[in-house]
Amino acid sequence: MHFLYEYSYYYKVQTFPKVLGPPGTIVPYHRNGPLPALSYEGMSTAANFEFPYFYHFPPFYTIQPVLVTREKQLAQWRELILKYHTDLKIKTLVLHECPLWKNVLIGRELTRDEIQVVMDDFVKSGHGEWEDPAIRTRCRILWRRPEQLASDIYDWASASGYINSVCTVYELHSGEDVNGMSFQGADEELLRRALGILESQGKCAIFKGETSQEDGLKFF
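Start counting the sequence shown at 10; every next residue gets the next number (our numbering).
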């Protein structure tokens with residue numbers, strides 16, 4: 010088992026499936042056992058977010074040179090970025106404002122170039138889209154891919170009795186009936202792309218209203 014010593018913590022690559030996660034997961038250990046999950050009480054936007062263990066692992070903040078290790082590291086960054094923005098219902102990641110890049114508890118942070126590596130990989134995975142592709146400073150977070158969101162919407166419509174019934178885009182976005190759904194409060198452009206997929210599949214029709222929020226939907 011491989012150990013690294015840094016800042017009085019032991020860090021190991023987990024090789025046994027029953028410890029804290031799947032094999033290959035990097036987890037932090039103290040001499041007396043695993044470190045507790047920490048949270049940033051000083052970050053108002055992250056007050057209710059539980060950071061994963063790997064967020065407190067110093068090498069997480071240096072892009073690893075070995076390809077296999079780097080791929081696992083970038084996968085963990087994708088997981089963190091997506092979960093953080095989905096749980097807190099944040100639609101856009103602004104690079105210079107995002108609190109994830111710096112961990113004040115261990116005094117580590119990504120460099121500007123490393124942030125760009127992480128974000129380019131995140132966008133390539135299909136979970137994000139640059140709103141300003143020429144300068145790449147704002148990324149739209151796709152809480153769910155349009156195809157997944159379309160499936161979630163139709164499953165909700167079927168379970169909620171909306172087949173052959175009409176509702177508005179606003180009700181689908183912010184209505185009481187969608188509390189807890191993956192598309193509740195979703196980015197409007199992403200929501201409309203999902204509806205466009207359903208319309209192309211013959212599963213819904215969109216009717217123009219006086220405003221975009223008053224556009225009507227009928228599910229088939």
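Idealized CB from N, CA, C, for every residue including glycine.
query                                                                                                                                                          : result
Any idea if H136 is buried or exposed, counting beta-carbon neighbours within 10 angstroms, 16 or more meaning buried?                                         : buried
So, helix, strand or coil for L114, using DSSP?                                                                                                                : coil
Could you tell me the alpha carbon to alpha carbon distance between M52 and C107, rounded to whole angstroms?                                                  : A caution first: M52 carries a pLDDT of 43, below 50, which makes its placement in the model too unreliable to give a value.
Suppose only complete runs of 3+ residues qualify. What are the beta strand (DSSP E) ranges in the segment 122-199, listed by chain order?                     : 137-139, 147-150, 175-177
Check the C-beta distance from I150 over to L109 and give it rounded, since I have them as a contact under 8 Å.                                                : That belief does not hold up - the Cβ atoms of I150 and L109 are roughly 12 Å apart, past 8 Å.
Can you find the residues in the same chain that come closer than 7 Å, C-beta to C-beta, to G42, ignoring five residues on each side of it along the sequence? : No answer about G42 holds up, because its pLDDT of 44 lies below 50 and its placement is not dependable.
Would you kindly work out how many angstroms separate the C-alpha atoms of G205 and E198, rounded to a whole number?                                           : 10 Å
Tell me whether the beta-carbon of F131 lies closer than 8 Å to the beta-carbon of R87.                                                                        : yes
Per the contact definition of three or more C-beta pairs closer than 8 Å, is the segment 182-199 in contact with the segment 153-163?                          : yes
Buried or exposed: V175, going by 16 or more other Cβ atoms within 10 Å of its Cβ?                                                                             : exposed
Quick one: Cα of D224 to Cα of S169, how far?                                                                                                                  : 20 Å
Give the range of the beta strand (DSSP E) segment to which I215 is assigned.                                                                                  : 213-216
Going along the chain, which residues of its own chain have a beta-carbon closer than 8 Å to the beta-carbon of S221, five neighbours each way excluded?       : V178, E197
Between which residues of its own chain and W139 is the CB-CB distance below 8 Å, once the five residues before and five after are set aside?                  : V132, R145, R147, C148, R149
Among F66, K111, C213, which residue has its Cα nearest to the Cα of F228?                                                                                     : C213
Over the uninterrupted alpha helix (DSSP H) stretch that includes K92, give me the two end residues.                                                           : 76-96
Could you tell me which of N173, S167, I162 sits nearest to H182, measuring between CA atoms?                                                                  : I162
Taking C-beta to C-beta, are I90 and R79 nearer than 8 Å?                                                                                                      : no
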